[in-house]
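Numbering (the working numbering), first residue to last: 847 to 1553. Glycine included, every Cβ here is placed at the ideal spot set by N, Cα and C. Encoded as structure tokens, the structure appears first; notes follow it.
Below, the structure is given as structure tokens:
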């Protein structure tokens, strides 16, 4: 048939890469007509070209082959058809448009961008910024609604790059403040009926985008300035490429993704050295891994001294905290001994939980375990030799159970804290890092704004409520799929084996975890949050204590309250009102003092003006006055201007052992003699061993030389 056109492998054979599944494809194009002619009315001269008459709507890929590294094709044992339609293109065709951006999927968003920016939209190259922003805000709105969040790695970094690219295009339209979040409502209005989850989470999406946008805005303008200076230098020197070092600096210091820098460079007729940039990124990642890598892991398999033969590193610490063990091999490293056992009750640092400590000893030798770490399939015991020497006799391994118990309290409390955070802040909360020690716990999580004091109180109360329930800890081993089906919390991007260990606390918390935990939540005692802070853009940190440390914190708080009750002679329920009353009284006294100081200064200034020297028909005043800070000194200068008439005044004072001056010049002397207070104080500042500056009628200076 005439409407079936045959092209070669270049156009109609789909491959995902140099190797892998592949196969022929059948594309559906439509001739939408129009002014563009095709030679001899032959569609083969229009399809798969840039001719706008022909629009590809659909593609059917018959995945039936596999291409190996040698380029050889073999048939796949299981074949399938991969079908995909361009939704926006179908809408464009149905609405009689030649561009996706002319459809009602995009025009409302473009209209909103015009309203915010004040820059009319054009369908040519001039409108690229509008189109990029419209496209990116749709992607961001859907992705964040589905649970993704901007981050520094993985899919989160894809979102961050796209958001920052859109924000930068906003700058090209003259938009200086955060604006992308304002477009979420328009995207929701367009797509919300078909995707109701957009309506349910639109406010949340707005907050996430606004927070991320405001964070980037702090460095965007400065980054653009630095970029432009790099471009100017390149153009002056005739260079056509920005170095990888320059691109990396923009990324590392100002948060500019490399593809954003590349786009900006192309707009200026330049390219970037992507290879050098990637090399520097690899170096940074290597350094980051080295910083986190355990110092004893630089061990070589050839350096081990064999003590006994057999399997090694079987972990038995879930069931017991001591047992008979045998040393398999050891080595000296950085002045310490590292030993590997046949089996061990010592937990190796993993999943944020620090490694166990304790003792390993027999009749002739005693080893103090200072840390336990993992290195591949080995469990490494970092030990200090107390007595004797390494031997192949059985040893008794004993974990420091007091320390282990404190770690268990904090680890189980971390799970409860995670669950409480998700309940209070939303299910977007995801663990971004943790540290569980015997003294405290630290939990990093994805969240876009500071956690309010009221939310922190709710979170703490929820955790302590679950602790009081004293639910038994349910631990089981399941396949990963079984655990997910049962509702265990697992996160996109995390690596899990075929078999996983789950930890469940009642109906409150259910997670995958390989760590050590309490037998029941009541063992934790209580939890107290000690701090909440920012770690990075979109990542917050909570630190907390449990058990004895939480009790001690409660005791200190009670002691502080008791002291305040005695000092203020007040009941505990009235303390807040009493402190507020004292603060109000303090503010009132400060106002009275300031008023008194003003009147005293005014009287002093009046005396200075009355006794001022006359030079060429204008007054000259030079005096030392009393001022507690620079604001008071400036106020004295301002008051002097109003009393001086025609003249020049210099007032000096000592603040915290350092000299400061204020200079004032009347307007008539500025006009007649070109006298400027700023120039006068610059000279005075030099004499004081410092510097100064300001306006023509009032300026200040300070220094270090009081003489």
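| message | Excluding the 5 residues flanking residue 1193 on each side, which residues of the same chain have their C-beta closer than 6 Å to its C-beta? | response | The residues are 1163, 1202, 1362.
| Alpha carbon to alpha carbon, what distance is there between residue 849 and residue 897? | For residue 897 and residue 849, the distance between alpha carbons rounds to 17 Å.
| task | Could you name the residues that DSSP lists as bridge partners for residue 1087? | result | Residue 1087 pairs with 1117.
| message | How far does the beta strand (DSSP E) with residue 1415 in it extend, from its first residue to its last? | response | From DSSP, residue 1415 is part of no beta strand (DSSP E); its letter is neither H nor E.
| message | Let me confirm a value: residue 1429 is counted as buried when at least 16 other C-beta atoms fall within 10 Å, else exposed. Which label applies? | response | Counting Cβ neighbours within 10 Å, residue 1429 comes out exposed, since fewer than 16 surround it.
| task | Please report how far the alpha carbon of residue 1437 lies from the alpha carbon of residue 1541, in whole angstroms. | result | If you draw a straight line from the Cα of residue 1437 to the Cα of residue 1541, it is about 28 Å long.
| Within 8 Å, strictly: CB atoms of residue 1479 and residue 1506 | Using a Cβ distance threshold of 8 Å, residue 1479 and residue 1506 count as a contacting pair.
| field | Extent of the continuous alpha helix (DSSP H) run through residue 926 | value | For residue 926, no alpha helix (DSSP H) encloses it; the enclosing beta strand (DSSP E) starts and ends at 919–931.
| query | How long is the line joining the alpha carbons of residue 1142 and residue 1151, rounded to whole angstroms? | reply | Confidence at residue 1142 is low in this model, with a pLDDT of 42, below 50, so the placement of that residue is unreliable and no value is reported for it.
| Meets three-Cβ-pair contact criterion under 8 Å: the region 1300–1319 and the region 1274–1283 | At 8 Å Cβ cutoff, the stretches do not touch.
| CB of residue 1531 within 8 Å of CB of residue 1538, strictly | Taking 8 Å as the cut-off, the Cβ atoms of residue 1531 and residue 1538 count as close.
| query | Around the Cβ of residue 1254, are there at least 16 other Cβ atoms within 10 angstroms (buried) or fewer (exposed)? | reply | Classification for residue 1254: buried.
| query | What residue range is occupied by the uninterrupted beta strand (DSSP E) comprising residue 1259? | reply | Run containing residue 1259: none in the beta strand (DSSP E); it sits in the alpha helix (DSSP H), 1247–1271.
| Going by alpha carbons, who is nearest to residue 1498 out of 1489, 1492, 981, 1508? | Comparing alpha-carbon positions, the option among 1489, 1492, 981, 1508 lying closest to residue 1498 turns out to be 1508.
| said: Just to confirm the assignment, what range does the alpha helix (DSSP H) spanning residue 1430 have? | reply: Secondary structure note for residue 1430: its alpha helix (DSSP H) is the uninterrupted segment 1421–1456.
| request: Could you have a look at residue 1335 and say whether DSSP puts it in helix, strand or coil? | output: Taken through DSSP and simplified to helix, strand or coil, residue 1335 comes out as strand.
| field | Coarse secondary structure for residue 1172, derived from DSSP in three states | value | Looking at residue 1172 - three-state DSSP - the assignment turns out to be coil, as it is neither helix nor strand.
| message | Ignoring anything shorter than 4 residues, give me the alpha helix (DSSP H) runs that lie fully in the region 960–1046, in order along the chain. | response | At a cut-off of 4 residues, the continuous stretches assigned as alpha helix (DSSP H) that sit fully inside the region 960–1046 are 974–991, 1000–1018, 1030–1037.
| Whole-angstrom distance between residue 1037 and residue 1044, CA atom to CA atom | Separation of residue 1044 and residue 1037 (C-alpha to C-alpha, rounded to the nearest whole angstrom) is 8 Å.
| message | Check this for me: beta carbons of residue 969 and residue 945, under 8 Å apart or not? | response | Cβ atoms of residue 969 and residue 945: closer than 8 Å.
| said: Taking DSSP's pairing of strands, which residues face residue 1389 in a bridge? | reply: 1288, 1377.
| query | Is the Cβ-Cβ distance between residue 1190 and residue 1161 less than 8 Å? | reply | Contact flag set, yes.
| query | Counting pairs of beta carbons, one from the region 1363–1373 and one from the region 1318–1325, are three or more of them closer than 8 Å? | reply | A contact exists between the region 1363–1373 and the region 1318–1325.
| What separation, rounded to the nearest whole angstrom, lies between the Cα atoms of residue 1486 and residue 1445? | C-alpha separation (whole angstroms): 13 Å.
| field | Terminal residues of the beta strand (DSSP E) in which residue 1521 lies | value | Segment: none, residue 1521 is in no beta strand (DSSP E) and carries neither H nor E.
| task | Taking residue 1386 as the reference, give the member of 1052, 1274, 931, 1219 with the closest Cα. | result | The option with the nearest alpha carbon to residue 1386 is 1274.
| said: Less than 8 Å between the beta carbons of residue 1104 and residue 1123, yes or no? | reply: Contact annotation: residue 1104 and residue 1123 have beta-carbon atoms nearer than 8 Å.
| query | Which of helix, strand or coil does DSSP assign to residue 896? | reply | Looking at residue 896 - three-state DSSP - the assignment turns out to be coil, as it is neither helix nor strand.
| message | Between the alpha carbons of residue 1046 and residue 1271, how many angstroms are there, rounded? | response | Going by the C-alpha atoms only, they are around 15 Å apart.
| query | If we ignore side chains and look at the alpha-carbon of each, how far apart do residue 1107 and residue 1374 end up? | reply | If I take the Cα positions, the gap works out to 45 Å.
| task | Could you tell me how far apart the beta carbons of residue 1490 and residue 1461 are, in whole angstroms, since I believe they sit closer than 8 Å? | result | Actually they are not in contact, since the Cβ atoms of residue 1490 and residue 1461 sit about 13 Å apart, beyond 8 Å.
| request: Sort out for me which residues DSSP pairs residue 1470 with in a bridge. | output: DSSP, once it has assigned bridges, lists 1498 as partnering residue 1470.
| said: Within a Cβ cutoff of 6 Å, which residues of the same chain sit near residue 1140, ignoring the five residues on either side of it in sequence? | reply: With a pLDDT of only 44 at residue 1140, under 50, the local geometry of the prediction cannot be trusted, and no value is derived from it.
| field | residue 1417 to residue 1409 span [Cα, whole Å] | value | Spanning the two alpha carbons is a distance of roughly 11 Å.
| message | If you measure between the beta carbons of residue 1377 and residue 1261, is that distance less than 8 Å? | response | Taking a C-beta distance under 8 Å as the contact criterion, residue 1377 and residue 1261 do not qualify as a contact pair.
| request: Give the secondary structure of residue 1504 by DSSP, where H, G and I count as helix, E and B as strand, and everything else as coil. | output: DSSP, reduced to helix, strand and coil, places residue 1504 within a strand of the structure shown.
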